[in-house]
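Novice: Quick one: the structure is below, questions incoming.
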DNA sequence: ATGTTC
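Structure below.
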């Protein structure tokens, strides 16, 4: 795989064979995946063959290997020129994302309540494979309401306050969700999981603002140095997973009919403007709403514990997905075009002044929330004007070693002891799950966000450090 | 990521 450095932190994969556009990798030399261990750059090139793709097949600095598309990939297709949508370009965990809450508590006041807080959260936050949820929905009609209206429905039912919705991407619910496009099996899997973290890299952390990079923007986001925060990272659980599985199968069948050939069957896709494309987007939107309701219910669970232990509240800073396809209008070669922007392990980062931002965030830009690996920093970023890659940036640290490799480097018990010795309280779900998430298996998130900023994708606003982790 | 292989 030949990479040409065409600008600082920007490498090009030249067009060849059936690639319709070049690949563009935003990275430092150190962050470029090792070709011997990770085939994600080959995946960047594969994505460039998709019908209707415009600009380039992009990779963020945290890129690593994924299903079909790389994780940390951005690809936009032209809806009105036969552009396709691909479930693998969104990922199995549809609308997996991050929510940040700001507590009215200073980190100096945390130690005296920390153990009570962590024990409360340990009991209140359902997590791990299967294993319970805050909200148990008994009938399909109620789940359909979640699928149609996401956080809006949760707030309507008393799980949150209207202001929360102003701080959610899409004001808490994606339009055009259609529960009828969601299979019965997906519904069955999702019924008992609204308000649960799941497993893998999902977590709820108690954090503190450790450094503010941009005072003005941080203030607009409601953040100041020393402030205690809560970060929630989770997705659409079994429901989103089943929807992805269902539509990959459907599109594997319809691709020959549509005359679409792809270099990897995991790139199964259909024209956005086709029955299958529309059905997938409607089901994907339903899963996106499910994921938002999931984060809203976990927010309420955390709020109950904070109220009981500290007497204080948690204000929503923002909630943003990093696994989603969206129909957006962007200017391409001087012309406004309707694009299907796939962001898989990539975060939308709207620039200041964007019309989709609520009025009070508009001068600052959209918060992009970047969780680090366990025990390391997380970041709040904001969008910048004129950025490449359709207003997208990185989504996290990015894996460098598989889960299995990770478990060979450390035992969960030892990792917990190490984190506790560094002042980070740990409430895990399983020892194995903890070991799989050792920071040794990830890139350095600080390097990732520095490169993302250097590449002109975003600006850093604040760095958060973990004080307690409730691990999925 | 995931009832970690319908």
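In the UniProt record's numbering, the protein residues as written are 1 to 472.
Quick reminder that beta carbons are idealized off the backbone N, C-alpha and C, glycines included.
Give me, in chain order, the residues of the same chain whose beta-carbon lies closer than 6 Å to that of residue 310; leave out the 5 immediate sequence neighbours on both sides.
Specialist: Start at 1 with the first residue of the first chain, and residue 310 comes out as number 310. Taken in chain order, the residues that qualify are 105, 113.
Novice: When the Cα of residue 379 is compared with those of 385, 370, 64, which residue comes out closest?
Specialist: By one-based count along the first chain, residue 379 stands at place 379. Per the Cα distances, 370.
Novice: Under three-state DSSP, which class holds residue 138?
Specialist: By one-based count along the first chain, residue 138 stands at place 138. Looking at residue 138 - three-state DSSP - the assignment turns out to be coil, as it is neither helix nor strand.
Novice: What is the DSSP secondary structure of residue 401, reduced to helix, strand or coil?
Specialist: Within the first chain, residue 401 is the residue found at index 401, counting from 1. In this structure, residue 401 counts as coil in the three-state DSSP scheme.
Novice: Under the DSSP definition of a beta bridge, which residues are partnered with residue 348?
Specialist: By one-based count along the first chain, residue 348 stands at place 348. Per DSSP, 392.
Novice: Excluding five sequence neighbours on each side, which residues of the same chain lie with their C-beta closer than 8 Å to the C-beta of residue 432?
Specialist: The residue labelled residue 432 in the question sits at position 432 within the first chain. Only 407, 412 meet the Cβ criterion.
Novice: By how many angstroms is the C-alpha of residue 334 removed from the C-alpha of residue 289?
Specialist: Counting from 1 along the first chain, the entry for residue 289 is found at position 289. Counting from 1 along the first chain, the entry for residue 334 is found at position 334. Cα-Cα distance, rounded: 33 Å.
Novice: Alpha carbons only, please: which of 43, 14, 33, 71 is nearest the one belonging to residue 395?
Specialist: For this step, residue 395 is matched to residue 395 along the first chain. Nearest option by C-alpha distance: 71.
Novice: So, residue 206 versus residue 227, is the Cβ gap smaller than 9 Å?
Specialist: On the first chain, residue 206 is found 206 positions in, with the first residue counted as 1. On the first chain, residue 227 is found 227 positions in, with the first residue counted as 1. Cβ atoms of residue 206 and residue 227: not closer than 9 Å.
Novice: Just to confirm, are residue 557 and residue 439 a CB contact at a threshold of 9 Å?
Specialist: With the chain represented from 1 up to 472, any question about residue 557 goes unanswered, as that position is not in the structure.
Novice: Go ahead and pull the three-state DSSP assignment for residue 307.
Specialist: Position 307 of the first chain, counted from the first residue, corresponds to residue 307. If DSSP states are grouped into helix, strand and coil, residue 307 belongs with the helices.
Novice: I need the straight-line Cα distance from residue 130 to residue 175, nearest angstrom please.
Specialist: Residue 130 sits at position 130 when you count from the first residue of the first chain. Residue 175 sits at position 175 when you count from the first residue of the first chain. Their backbone Cα atoms lie some 28 Å apart in a straight line.
Novice: Let me make sure I understand the geometry here. Which of 46, 422, 302, 276 has the alpha-carbon closest to that of residue 312?
Specialist: Taking the first chain and counting its residues from 1, one reaches residue 312 at position 312. For residue 312, the nearest C-alpha among the options comes from 302.
Novice: Rounding to the nearest angstrom, what Cα-Cα distance links residue 86 and residue 62 in this structure?
Specialist: Residue numbering aside, residue 86 sits at position 86 when the first chain is read from its first letter. Residue numbering aside, residue 62 sits at position 62 when the first chain is read from its first letter. Their backbone Cα atoms lie some 21 Å apart in a straight line.
Novice: Can the beta-carbon of residue 84 be found less than 9 Å from the beta-carbon of residue 50?
Specialist: Start at 1 with the first residue of the first chain, and residue 84 comes out as number 84. Start at 1 with the first residue of the first chain, and residue 50 comes out as number 50. Yes, these two residues count as a Cβ contact at 9 Å.
Novice: Does residue 14 come out as helix, strand or coil in the three-state DSSP assignment?
Specialist: The residue you call residue 14 lines up with position 14 of the first chain. If DSSP states are grouped into helix, strand and coil, residue 14 belongs with coil.
Novice: For residue 159, which three-state DSSP category applies?
Specialist: Locating residue 159 in the first chain gives position 159, counting from the first residue. Looking at residue 159 - three-state DSSP - the assignment turns out to be coil, as it is neither helix nor strand.
Novice: Kindly indicate which residue of 405, 151, 241, 52 has the alpha-carbon position closest to the one of residue 341.
Specialist: Residue numbering aside, residue 341 sits at position 341 when the first chain is read from its first letter. It is 52 whose Cα lies nearest to the Cα of residue 341.
Novice: Mapping the DSSP letters down to three states, classify residue 9 as helix, strand or coil.
Specialist: Along the first chain, one-based indexing puts residue 9 at 9. Coil.
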